[in-house]
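Just remember that the numbering used here sits 93 ahead of the position in the sequence shown, which is counted from 1. So the structure is just underneath, and the comments pick up after that.
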Amino acid sequence: MTTTHEPVGDRPPFPLPIPTEDNQPFWDALRERKQLIVQECEACSTLVHPPRPMCPECGAFEKTWRPMSGRGTVCSYVVTHQAIHPAYNGFTPFATVLVQLEEGPLVTTNLVDVSHDEVAIGMPVELVATELSDEITLPLFRRA
Numbered sequence: 094m095t096t097t098h099e100p101v102g103d104r105p106p107f108p109l110p111i112p113t114e115d116n117q118p119f120w121d122a123l124r125e126r127k128q129l130i131v132q133e134c135e136a137c138s139t140l141v142h143p144p145r146p147m148c149p150e151c152g153a154f155e156k157t158w159r160p161m162s163g164r165g166t167v168c169s170y171v172v173t174h175q176a177i178h179p180a181y182n183g184f185t186p187f188a189t190v191l192v193q194l195e196e197g198p199l200v201t202t203n204l205v206d207v208s209h210d211e212v213a214i215g216m217p218v219e220l221v222a223t224e225l226s227d228e229i230t231l232p233l234f235r236r237a
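Here it is, written out as structure tokens:
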């Protein structure tokens with residue numbers, strides 16, 4: 094998959110994530126420090142990803158942000174063979190992977206420099222913060 098959001102030929106640009114009040118610190122840390130952070134509930138210490146207003150374990154609203162190592166393993170994946178958006182024409186097949194970070198949270202992402210037929214459950218991976226625009230840096234991963 095390309096790392097640009099610009100149109101390719103007559104294709105529209107890849108859709109970008111839209112930051113919200115709840116997840117803005119996540120996107121800021123990726124853009125500014127190339128670091129992956131997740132929410133940590135101040136009441137019960139649960140690590141929460143994706144970011145949300147309330148802890149799914151205890152219901153508390155107070156949270157902090159905890160830096161992650163950026164290392165993990167592939168625990169599941171799916172290979173997409175049909176373009177799910179016009180921008181993906183010519184970029185299939187590709188794998189969407191579920192990475193379990195060393196610290197525990199799961200992150201849905203894509204791998205770079207790994208063909209869809211090389212992805213394997215248990216594969217060690219590491220963060221590659223990939224800038225798509227001045228505002229958005231994606232948490233992609235590569236084989237560790």
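Built from N, CA and C at the ideal position, the CB exists for glycine as well.
- Scanning the segment 162 to 209 for uninterrupted beta strand (DSSP E) segments of 3 residues or longer gives 164 to 173, 187 to 194 and 199 to 203, listed from N- to C-terminal end.
- With respect to the 7 Å criterion, A136 and Q128 are not classified as neighbours on the basis of their beta carbons.
- Judged by their CB atoms, A188 and V172 are nearer to each other than the 7 Å cut-off.
- Residue R126 holds the alpha-carbon nearest to the alpha-carbon of E224 among N116, R126 and Q117.
- In the DSSP annotation of this structure, the continuous segment of the beta strand (DSSP E) that includes L233 starts and ends at T230 to R236.
- The residue from G197, R164, L194 and E133 with its alpha-carbon nearest to that of C151 is E133.
- Taking 7 Å as the cut-off, the Cβ atoms of V212 and Y170 count as close.
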